[in-house]
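Letter 96 of the sequence shown, counting from 1, is numbered 96 in my numbering, and no numbers are missing. Ideal Cβ positions, reconstructed from N, Cα and C, are used throughout, including at glycine. In this text, all values refer to a predicted model and were calculated from it rather than measured experimentally.
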Amino acid sequence: MTLFRLLPLLLLPLFLSACDERWGWRQKVTVTVETPEGERVGESVLAGSLRHSDSAIPEARGAFFYLRGEAVVVEVAPGRYLFALLNGMPTPFPVFFPGEAPVEMAGRLEDLRESREVPPDLYPLLVTFDDVADPKTVRRVEPSDLVASFGPGVALTSVTLEITDEAVTEGRVEEVLGWISDKTYRTNPVWASLPSLLQETISGLVKG
Numbered sequence: 001m002t003l004f005r006l007l008p009l010l011l012l013p014l015f016l017s018a019c020d021e022r023w024g025w026r027q028k029v030t031v032t033v034e035t036p037e038g039e040r041v042g043e044s045v046l047a048g049s050l051r052h053s054d055s056a057i058p059e060a061r062g063a064f065f066y067l068r069g070e071a072v073v074v075e076v077a078p079g080r081y082l083f084a085l086l087n088g089m090p091t092p093f094p095v096f097f098p099g100e101a102p103v104e105m106a107g108r109l110e111d112l113r114e115s116r117e118v119p120p121d122l123y124p125l126l127v128t129f130d131d132v133a134d135p136k137t138v139r140r141v142e143p144s145d146l147v148a149s150f151g152p153g154v155a156l157t158s159v160t161l162e163i164t165d166e167a168v169t170e171g172r173v174e175e176v177l178g179w180i181s182d183k184t185y186r187t188n189p190v191w192a193s194l195p196s197l198l199q200e201t202i203s204g205l206v207k208g
């Protein structure tokens, strides 16, 4: 292979790394539910990051948000759980810096140590299982109508987002949903046969 043909390959890493900026933070999501027996609270600390690239390659150019951790688990009643999935989990930017460009605020976010209430239009996807041992019993939960899923007197009080130094939460989801560690559910032909809500739920319970 001639040097001329090798040149694009040699320059590729330079294009990919051109003006590549990265920021990282920890965000704690807390979900509070009111029940006839009192307040129930679940929380999860997630690792968030933002990468911004001005790469010459269009597919690698732009701002990319990443989230690692697991869903928030709230035991609403004995054996009955509410899960706030990572799917649709709000990024801190519209919560702490509404209307501002994330890339412009990322540096400030890394140094921030505050807590804010998440507006309802930014709530993550909520689900429950009629039987936690059977993944196919998953059901979507409407944030404004927990009564339909958990009975009278149950209501979502708040979802809060805090920038923190705490360690990323691990193992809580698996404590409740032992089947989540079974890789069979994530491989075909089983994966392809699952209902779309269950696929979305499995994808949003834990992200490494």
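What does the alpha-carbon distance come out to for the pair residue i and residue j?
i: G107; j: W23; result: 7 Å
i: A216; j: S53; result: Within the shown structure, residues of the chain are numbered from 1 to 208, placing residue 216 beyond reach of any answer.
i: T35; j: G88; result: 25 Å
i: L112; j: I202; result: 31 Å
i: N188; j: E174; result: 22 Å
i: L109; j: R68; result: 17 Å
i: V41; j: V159; result: 10 Å
i: M105; j: G99; result: 11 Å
i: P152; j: E142; result: 14 Å
What residue from the options has the CA that sits closest to residue i's CA?
i: E114; options: V168, F93, E104, F83; result: F93
i: Y123; options: P90, L197, A167; result: P90
i: V33; options: F150, L194, W25, F64; result: F150
i: L198; options: R139, L46, T160, L86; result: R139
i: V127; options: S181, Y81, V176; result: Y81
i: R51; options: D20, V45, D182; result: D20
i: V176; options: V168, A155, A133, D182; result: A133
Drop a sphere of 10 angstroms on the beta-carbon of residue i, count the other beta-carbons inside from all chains shown, and report buried for 16 or more, exposed for fewer.
i: T135; result: In the sequence as displayed, the identity of residue 135 is Pro instead of Thr. Label assigned to P135: buried.
i: T30; result: buried
i: A71; result: buried
i: G48; result: buried
i: S193; result: exposed
i: V38; result: Per the sequence shown, residue 38 should be read as Gly rather than Val. Classification of G38: exposed, given that the 10 Å Cβ count is below 16.
i: V206; result: buried
i: T137; result: exposed
So residue i and residue j are supposed to be a Cβ contact under 8 Å. How far apart are they, rounded?
i: K28; j: T157; result: Their Cβ separation, rounded to whole angstroms, is 17 Å, which puts K28 and T157 out of contact at 8 Å.
Any chance you could list the alpha helix (DSSP H) runs of at least 4 consecutive residues sitting entirely within the segment 82 to 142, in chain order?
92 to 96, 102 to 111
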